[in-house]
Amino acid sequence: MCTYLTETLAADGSGKGRDGWFRLSQVSVYYDHPVHASPEHTLNIDFLDPARGPSARVAVELAAPTARRLAEAILQTLDGAAAEGIEVPR
Amino acid sequence: MIDPHHHAVLSSDDGIVAGTVEIDGAGGDRLEAYLARPVRPDARGGVVVIHHLPGYDAATKEITRRFAVLGFDALCPNLYSREAPGADPDDAAAAVRARGGVPDDRLVGDVAGAAEHLRDLPSSNGRVGVIGYCSGGRHAFLAACSLQLDAAVDCYGAYVVETPAPESPLRAQPLLGLADQLSCPLLGLFGADDQHPDPAAVEQLVQALRAADKPVETVVYDGAGHAFFATDRPSYRPHAAVDGWQRISSFFGEHLGRAVS
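Line by line, the protein sequences are chains A and B. Going by this note's numbering, 22 is the number at position 22 of the first sequence; the sequence numbering is gapless. Numbers given in this note's numbering equal positions in the second sequence, counted from 1, plus 1000.
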């Protein structure tokens, strides 16, 4: 955990954590040493509700190529849905 | 060894007793801490183990137990006790990371409390050292420049010399200006391939301490980067970690004194 580079954004959605589903209020994205994954650095995403405490957290640690493909897939999916006439708010 | 008939631990053994205790930290706050002590009865020094940014985790507790096997009382305070009582170490670390790390003044108070706890143990010879890894390496240097200690080990602590990037949420500021306040000998162990700190930063640290006439010994291991002591990570480098542990054991043995019988 030594790059300390972090993007933090407000979130609207839900995540499933240790104690079940909870509403998300924040997402943190950072590239740093993982706790569990194998690469030396990973793209880490924490889906959070800080008001519920540190344990209200859904965490993923992704190898960089996986993270890039995920980012592309998210945008492709949203754009594809919009192209079919489904309402996709920005 | 354990006597098979009486289940008594023999005094010549390297047996230890370890578990969770509560200590007083900065501002009198009660902190969770992990204490490991040799079974051997003779007086010995104490080691405050400062965990890395990933937190008060299983790997750090293992390090703490190892110091007890080496003959020292060892105590690792959970620096995230306040933000995340009872949380998993990785959840606690994520919360503290998002807040920019542990405030420096609070860290000094927490280490002071841990040192006091060690000195109050009946087995204490009155001497206490500190060691930290990663962000804890910086904390070890900070503590040794802020408190009266007997030995300090900085394992690849970043931002002792350098300043975090402007976009970093980390609030840490460089500590080189404190060099002339270092209260004890310092051993620094670093990797040549590390970027935080890089070898140039290590050299700056050495020069600053020598200019202040402070006892400092550093090793920069070729073929090693950051976190080469971490046995559960791909950054582990056996040649550096094995030599590093031997140096740490000798250094604390000389300056703190260990239980040997």
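Ideal Cβ placement from N, Cα and C applies to all residues, glycine included.
Go ahead and pull the three-state DSSP assignment for Ile1131/B.
-> Counting from 1 along the second sequence, the entry for residue 1131/B is found at position 131. Strand at Ile1131/B.
Return yes when the Cβ of Ala1241/B is within less than 7 Å of the Cβ of Phe1252/B, no when it is not.
-> Residue mapping note: residue 1252/B aligns to position 252 of the second sequence, counting from 1. Residue mapping note: residue 1241/B aligns to position 241 of the second sequence, counting from 1. Against a cut-off of 7 Å, the Cβ pair of Ala1241/B and Phe1252/B comes out as no contact.
Any chain B beta carbon closer than 7 Å to Asp19/A = One-based indexing of the first sequence puts residue 19/A at position 19. It does not; no Cβ of chain B falls within 7 Å.
Express the C-alpha separation of Lys1061/B and Leu1070/B in angstroms, rounding to a whole number.
-> The residue you call residue 1070/B lines up with position 70 of the second sequence. The residue you call residue 1061/B lines up with position 61 of the second sequence. Straight-line Cα distance between these residues: approximately 14 Å.
Where Glu61/A falls: helix, strand or coil (DSSP) | Locating residue 61/A in the first sequence gives position 61, where the first residue counts as 1. Here Glu61/A sits in strand by DSSP.
Neighbour flag for Ala1098/B against chain A, beta carbons, 7 Å | By one-based count along the second sequence, residue 1098/B stands at place 98. It does: the Cβ of Ala1098/B has a partner Cβ on chain A nearer than 7 Å.
Given 8 Å as the limit, is there contact between the region 51-59 of chain A and the region 1073-1087 of chain B, that is, 3 or more CB pairs closer than that?
-> yes
So which residues on chain A does Glu1162/B lean against when the C-beta distance must stay under 9 Å?
-> Position 162 of the second sequence, counted from the start, is the residue given in the question as residue 1162/B. Within chain A, no residue comes near Glu1162/B; the closest Cβ sits about 11 Å away, beyond 9 Å.
Give me the Cα-Cα distance between Val1021/B and Ser1168/B, rounded to the nearest whole angstrom.
-> Taking the second sequence and counting its residues from 1, the one referred to as residue 1021/B is at position 21. Taking the second sequence and counting its residues from 1, the one referred to as residue 1168/B is at position 168. C-alpha separation (whole angstroms): 34 Å.
Taking DSSP as the reference, what is the three-state secondary structure of Asp1090/B?
-> In the second sequence, residue 1090/B corresponds to position 90, counting from 1. Asp1090/B: helix per DSSP, three-state reduction.
Cα-Cα separation, Val1049/B to Gly1028/B = The sequence position of residue 1049/B within the second sequence is 49, counting from 1. The sequence position of residue 1028/B within the second sequence is 28, counting from 1. The straight-line gap from Cα to Cα measures roughly 20 Å.
Buried versus exposed, by CB contacts within 10 Å (16 or more), Ser1235/B | Position 235 of the second sequence, counted from the first residue, corresponds to residue 1235/B. Buried is the call here.
State the beta-bridge partners of Gly20/A as determined by DSSP.
-> Residue 20/A sits at position 20 when you count from the first residue of the first sequence. According to DSSP, which records beta bridges pairwise, Gly20/A is partnered with Gly17/A.
Look at the Cβ atom of Leu1118/B, then the Cβ atom of Gly1046/B, and state whether they are nearer than 7 Å.
-> Here residue 1118/B refers to the residue found at position 118 when the second sequence is read from its first residue. Here residue 1046/B refers to the residue found at position 46 when the second sequence is read from its first residue. The answer is yes: Cβ separation under 7 Å.
Is the shortest distance between the beta-carbon of Pro1122/B and the beta-carbons of chain A less than 7 Å?
-> Translated into the one-based positions of the second sequence, residue 1122/B becomes position 122. Closer than 7 Å: no.
Within 7 Å, strictly: CB atoms of Ile1074/B and Asp1232/B = By 1-based counting over the second sequence, the position of residue 1074/B is 74. By 1-based counting over the second sequence, the position of residue 1232/B is 232. Going by the sequence as given, residue 1074/B is Ala instead of Ile. No.
Identify whether Thr42/A lies in helix, strand or coil by the three-state DSSP scheme.
-> As a position in the first sequence, residue 42/A is number 42, starting the count at 1. If DSSP states are grouped into helix, strand and coil, Thr42/A belongs with the strands.
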